[in-house]
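Just so you know, we're using my numbering here: the sequence shown kicks off at 5 and counts up by one.
Working notes, structure below.
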Amino acid sequence: RGENLLVRGDLVPIIRLYEVFGVESTYTDPCDAIVVVVENEGRRRALMVDELLGKEEVVIKNLGGLDVPGVAGGTILGDGRVGLILDLGGVIANKAD
Numbered sequence: 005r006g007e008n009l010l011v012r013g014d015l016v017p018i019i020r021l022y023e024v025f026g027v028e029s030t031y032t033d034p035c036d037a038i039v040v041v042v043e044n045e046g047r048r049r050a051l052m053v054d055e056l057l058g059k060e061e062v063v064i065k066n067l068g069g070l071d072v073p074g075v076a077g078g079t080i081l082g083d084g085r086v087g088l089i090l091d092l093g094g095v096i097a098n099k100a101d
């Protein structure tokens with residue numbers, strides 16, 4: 005029914021974030037990509053991402069009335085770029101539809 009990743013004996017469904025948000029990706033093969041396993045409301049998912057930028061404390065701001073499924077808000081990163089804050093529940097629900 006979909007792609008899964010075997011994690012410690014459990015099958016975890018893979019979510020390709022580039023497909024969810026309709027953007028280009030550096031990687032299309034999960035074997036080459038970075039995969040982050042997350043859990044939300046007892047459901048684990050493997051999120052395929054292009055890169056991990058690091059850990060940073062941020063202030064989350066709303067998107068000014070824009071309703072983007074799977075996005076909780078935005079932030080200004082230390083280098084001045086805008087980063088989106090994912091709503092894991094929304095991403096998982098969006099992919100389930």
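Just so it is clear, CB atoms sit at the ideal spot from N, CA and C, and this is done for glycine as well.
Same chain, Cβ closer than 6 angstroms to residue i, neighbours up to 5 away in sequence not counted
| i | result |
| --- | --- |
| Leu15 | Asn8 |
| Ala50 | Leu9, Val16, Ile18, Val39 and Val41 |
| Leu88 | Val75 and Gly78 |
| Ala37 | Tyr31 and Met52 |
Distance between residue j and residue i (C-alpha atoms, nearest Å)
| i | j | result |
| --- | --- | --- |
| Val11 | Asp83 | 34 angstroms |
| Val62 | Val53 | 20 angstroms |
| Lys99 | Gly46 | 16 angstroms |
| Val24 | Glu60 | 24 angstroms |
| Asp91 | Cys35 | 25 angstroms |
| Glu28 | Pro73 | 18 angstroms |
| Ala97 | Gly13 | 24 angstroms |
C-beta atoms of residue i and residue j nearer than 9 angstroms
| i | j | result |
| --- | --- | --- |
| Leu21 | Val75 | no |
| Asn44 | Gly6 | no |
Candidates the options, of which the one nearest residue i by Cα
| i | options | result |
| --- | --- | --- |
| Tyr31 | Glu55, Asn44 and Glu45 | Glu55 |
| Val86 | Phe25, Lys65 and Glu28 | Lys65 |
| Leu57 | Arg48, Leu81, Gly26 and Leu70 | Leu81 |
Own chain residues within Cβ distance below 8 angstroms of residue i, not counting five before or after
| i | result |
| --- | --- |
| Leu67 | Val75, Gly77 and Gly78 |
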